[in-house]
Amino acid sequence: HYDRSLLLGTTPYSLSTVIMSAKKGAKIFKTKCSQCHTVEQGGPHKQGPNLHGLIGRTAGTTAGFSFSAANKSSGIVWTTDVLDAYLVNPKKYIPGTKMVFAGLKKPKDRANIIAYLESATA
Numbered sequence: 008h009y010d011r012s013l014l015l016g017t018t019p020y021s022l023s024t025v026i027m028s029a030k031k032g033a034k035i036f037k038t039k040c041s042q043c044h045t046v047e048q049g050g051p052h053k054q055g056p057n058l059h060g061l062i063g064r065t066a067g068t069t070a071g072f073s074f075s076a077a078n079k080s081s082g083i084v085w086t087t088d089v090l091d092a093y094l095v096n097p098k099k100y101i102p103g104t105k106m107v108f109a110g111l112k113k114p115k116d117r118a119n120i121i122a123y124l125e126s127a128t129a
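Quick note on our numbering: the sequence shown kicks off at 8 and runs consecutively.
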């Protein structure tokens, strides 16, 4: 287990201590993520890959999407904790990623979007 505050310059906290709202997360997804990602099973890839089945999947392995070498070789398995750290600053977490998203700085926003992704991509 690593200290995210050292890696990303954020205050460490536990996702379990933040009240997570999938409903609020859906709104954040719609405004910040849906331009590039879909979540439904069989949904199309856009600028980013379809996220169905995300939790537990190894980064860079979604069939039919052209990932960066950085994503494919990262060895990352998407868990809620990894997503939380990644969404702070994707380019810092996986240098060389094609994802052009600046990140979500607020822990509550990340917790809500992760709650949404857990339900919407299962």
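All C-beta atoms in this analysis are idealised placements derived from N, C-alpha and C, irrespective of residue type, glycine included.
Taking 9 Å as the cut-off, decide whether the C-beta atoms of residue i and residue j are in contact.
i	j	result
ASP88	PRO114	no
THR86	GLY110	no
GLY30	ILE120	Correcting the residue identity first, residue 30 is Lys in this sequence and not Gly. Going by C-beta atoms, LYS30 is not nearer than 9 Å to ILE120.
SER41	ALA122	no
LEU124	GLY50	no
LEU79	VAL95	A small fix is needed here, since residue 79 is Lys in this sequence, not Leu. Contact: no.
Can you have a look at residue i and say buried or exposed, based on whether 16 or more other CB atoms are within 10 angstroms of its CB?
i	result
THR45	buried
MET106	buried
THR104	buried
SER81	buried
Could you check how far apart the C-beta atoms of residue i and residue j are, in whole angstroms? I think they sit under 8 Å.
i	j	result
PRO97	ALA77	Going by Cβ atoms, the distance from PRO97 to ALA77 rounds to 10 Å, so no, they are not a contact pair.
GLY71	HIS52	6 Å
THR69	ILE83	Not really, about 13 Å apart at Cβ, beyond 8 Å.
Could I get the ranges of all uninterrupted alpha helix (DSSP H) runs contained in the region 20–77, with 4 residues as the minimum, in chain order? You should have 29–39.
Determine, using beta-carbon pairs with one atom in the region 42–58 and one in the region 120–128, whether at least three such pairs fall under 8 Å. Contact between the region 42–58 and the region 120–128 is present, because at least three Cβ pairs lie under 8 Å.
Please give the ranges of any alpha helix (DSSP H) in the region 93–120, keeping only runs that are unbroken, at least 4 residues long and fully inside the region. Complete alpha helix (DSSP H) runs here, min 4: 97–100.
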